[in-house]
Amino acid sequence: MIMDLNFLLDDVIKNRRALHQIPETALTEFKTQKYLKDYLISIGLNPQEICETGLYVYIEGKDKENCIAFRSDIDALDILEENNIEFASKHKGKMHACGHDGHMATLLGFAKYLTTIQPLEKSVLLIFQPAEEAPGRAKEICQSGLLQKYSVKEVYGLHLFPELPEGTIGTRAGAFFAQPTVIHGKITGKSGHGAMPHKGVDALQAFTKVVDAYQTIISRNFSPFETTALTIGKFQGGSAFNILPETVEFWGTLRTFSQANTDFAIKRIKEIHRGIEIAYNVKIEENLEVMYPPVTNDEKLYNKFLKTIEGIPCVEYEPLAIAEDFAYYQQEVPGLFVLLGTRNEEKGFTQALHNCRFNFDEKALLTGIEMFAKIYHNFK
1 MIMDLNFLLD
11 DVIKNRRALH
21 QIPETALTEF
31 KTQKYLKDYL
41 ISIGLNPQEI
51 CETGLYVYIE
61 GKDKENCIAF
71 RSDIDALDIL
81 EENNIEFASK
91 HKGKMHACGH
101 DGHMATLLGF
111 AKYLTTIQPL
121 EKSVLLIFQP
131 AEEAPGRAKE
141 ICQSGLLQKY
151 SVKEVYGLHL
161 FPELPEGTIG
171 TRAGAFFAQP
181 TVIHGKITGK
191 SGHGAMPHKG
201 VDALQAFTKV
211 VDAYQTIISR
221 NFSPFETTAL
231 TIGKFQGGSA
241 FNILPETVEF
251 WGTLRTFSQA
261 NTDFAIKRIK
271 EIHRGIEIAY
281 NVKIEENLEV
291 MYPPVTNDEK
301 LYNKFLKTIE
311 GIPCVEYEPL
321 AIAEDFAYYQ
331 QEVPGLFVLL
341 GTRNEEKGFT
351 QALHNCRFNF
361 DEKALLTGIE
371 MFAKIYHNFK
């Protein structure tokens, strides 16, 4: 039986607020790493560095052949905080606006909980991963052989989520988060006087056809029941109102829930480019960077999880087109990623992730620790 976890609350609040004040973006998390290391050592654990600014802690149990892993990301965002709180960011222009401070405080709290039940029956690996937002160091951690070294059989991660009520868990079996692809294109025509368009090649006109044609990829090439999104969010071109732009550069994102759909959409993007090159006498250069794989929750783990967390509110949540490099761990071992609700309208905790006023009540993190503890005690 899991003990009352309220004894952890003071540490959870202290750790979350201390970490919130020192947000650091990808691969610059040196102050964060030191804070995590000092705390873990203070509770009798032996953290090891990984991926420059990350840490991991292996806690050996009686069963050395079967280990369960839990992961927290540790990086922040380039956002100027606008919360009027005494523990606001001290790093101007940086903020834990995605809840990673809460993720770290949860995993630190779980680490302290584990020290109260020594010796452990089963082994545990705690991963404090840098650079989740970009460029995604989960892949490097997996390539390091860490999971194989410690015989990890299952891996779990959570993310705070202000769309769910405080203390409620949301997850699902199968595809949960999307695979993102960064789209970058450059269309080159020939500049000319706007009053004599026949003497130039209008790159802007070709660009409008590219954007129009992209929408047919979603509406005419994918089933209405397959969630796919393609957005062009930025473009630039032209120098004056009466000159045909010689070049137009554009950027966007593609989101799908399978590698096969990503591959097909990329194929269609390239085909559209080649066709418009011929039709409009332009040259189109593209750079299509496929990022993290889709987060796909193991069905057996999901079914076991629902029984394991009895007593904690849980809902089956819809697939989300956001991305998470936790997917790399799931390619190595069965894994489950869940959302932990932080929405509390009475206290005003309703702002979205990546918002300059995102905030939450640390008591919600005790639900995350309880969830991890129940998962651990039911690990077979």
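Residue numbers are given in the UniProt record's numbering: position 110 of the sequence shown equals residue 110, and the series is strictly consecutive.
Every residue gets a Cβ at the ideal spot worked out from N, C-alpha and C, and that includes glycine.
Contact between the segment 90–97 and the segment 108–118 is absent, with fewer than three C-beta pairs closer than 8 Å. Cβ neighbours of Asp63 within its own chain (closer than 7 Å, five residues either side excluded): Glu121, Lys122 and Ser123.
Annotation for Gly109: the continuous alpha helix (DSSP H) segment containing it runs His100 to Thr115. Val290 is bridged by DSSP to Thr181.
Scanning the segment 139–181 for uninterrupted beta strand (DSSP E) segments of 3 residues or longer gives 152–165, 169–171 and 174–177, listed from N- to C-terminal end. If you compare the alpha carbons of Gly238, Gly237 and Tyr214 with that of Ala229, the shortest gap goes to Tyr214.
Within the same chain, Gly341, Thr342, Arg343, Phe349, Thr350, Gln351, Ala352, Leu353, Phe358 and Phe360 come within 8 Å of Pro162 by CB-CB distance, once the 5 residues on both sides are set aside.
The way I'd put it, the segment 214–227 doesn't touch the segment 184–204; fewer than three beta-carbon pairs between them come closer than 8 Å. Between the alpha carbons of Tyr329 and Thr53 lies a gap of roughly 18 Å. Glu154 places its beta carbon less than 8 Å from that of Pro334. For Asn66, the enclosing beta strand (DSSP E) stretches over residues Asp63 to Asp73.
Partner residues in the beta bridge of Arg255, as assigned by DSSP, are Pro180 and Ala229. Cys314 and Ile169 do touch by the CB rule: their CB atoms are close to 4 Å apart, below 8 Å. With fewer than three CB-CB distances shorter than 8 Å, the segment 239–250 does not count as touching the segment 260–277. For Ser239, there is no enclosing alpha helix (DSSP H), as DSSP marks it with neither H nor E. Taking a cut-off of 8 Å for Cβ pairs, the segment 264–271 and the segment 298–306 do not touch, as fewer than three such pairs fall below it.
Counting the other CB atoms within 10 Å of its CB gives Gly167 a total of 16 or more, which places it among the buried residues. Relative to Thr231, the option among Asn242, Gly237 and Asp212 whose CA is nearest is Asp212. Our two residues, Val282 and Lys199, have alpha carbons roughly 14 Å apart in a direct line. The beta carbons of Phe70 and Leu40 sit about 13 Å from each other, so the pair does not count as a contact at 8 Å. Within a 10 Å sphere around the beta-carbon of Gln129 sit 16 or more other beta-carbons, which makes this residue buried. The DSSP assignment places complete beta strand (DSSP E) segments of no fewer than 3 residues inside the segment 275–336 at 283–290, 295–297 and 314–316, in order along the chain. Nearest to Glu49 by C-alpha distance, out of Gln33, Phe372 and Lys139, is Gln33.
For Leu36, the three-state secondary structure derived from DSSP is helix.
Taking each of Pro119, Arg220, Arg274 and Thr181 in turn and checking the Cα distance to Val210, the smallest one comes out for Arg274. Approximately 5 Å separates the beta-carbon atoms of Leu27 and Ala131; this is inside 8 Å, confirming the contact. Taking C-beta atoms as the reference points, Pro119 and Gly44 fail to come closer than 8 Å. Here the alpha carbons of Ser42 and Asp11 stand approximately 12 Å from one another. For Leu126, the secondary structure class from DSSP, reduced to helix, strand or coil, is strand. One Cα belongs to Phe241, the other to Lys234, and the distance between them is close to 19 Å. The criterion of a C-beta distance shorter than 8 Å is satisfied by Leu147 and Glu332. Where Gln215 is concerned, the enclosing alpha helix (DSSP H) starts and stops at Ala203 to Asn221. The three-state reading of DSSP puts His96 in coil, since its state is none of H, G, I, E or B. Nearest C-alpha to Asp75 among Glu82, Cys51, Asp4 and Asp101: Asp101.
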